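Below is one structure, written out as structure tokens; comments come after it.
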């Protein structure tokens, strides 16, 4: 497998993990069970989450076009 394909897979896996972690924070905040106070506003974290989802989607589309199995 070419190096750029390996990097794409690793990048996608790392992004997926970060999306999961951020989603847990957002869900806990909505439920009132977040055990810390973020230093930035929650709207900013929600915007970041949306941007990360968009980026992950673009990586998925690119992987499909380039024939890369991300999973």
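In the working numbering, the protein residues as written are 4 to 74.
Using N, Cα and C, we set each Cβ at its ideal position, and we do this for glycine too.
Remember, predicted model here, so these are calculated numbers, not experimental data.
Length of the line joining the Cα atoms of residue i and residue j
| i | j | result |
| --- | --- | --- |
| residue 31 | residue 65 | 32 Å |
| residue 47 | residue 25 | 12 Å |
| residue 5 | residue 70 | 12 Å |
| residue 41 | residue 50 | 14 Å |
| residue 34 | residue 13 | 32 Å |
Whole-number beta carbon distance between residue j and residue i, since they are thought to touch under 8 Å
| i | j | result |
| --- | --- | --- |
| residue 29 | residue 58 | The pair is not a contact, with the Cβ atoms about 17 Å apart (cut-off 8 Å). |
Element boundaries [alpha helix (DSSP H), containing residue i]
| i | result |
| --- | --- |
| residue 71 | Where residue 71 is concerned, there is no enclosing alpha helix (DSSP H), given that its DSSP letter is neither H nor E. |
| residue 5 | Premise fails: residue 5 is in no alpha helix (DSSP H) and is neither H nor E. |
Selected residue, minimal CA-CA separation from residue i, among the options
| i | options | result |
| --- | --- | --- |
| residue 55 | 7, 21, 10 and 8 | 21 |
| residue 61 | 42, 15 and 8 | 15 |
| residue 23 | 52, 67 and 72 | 52 |
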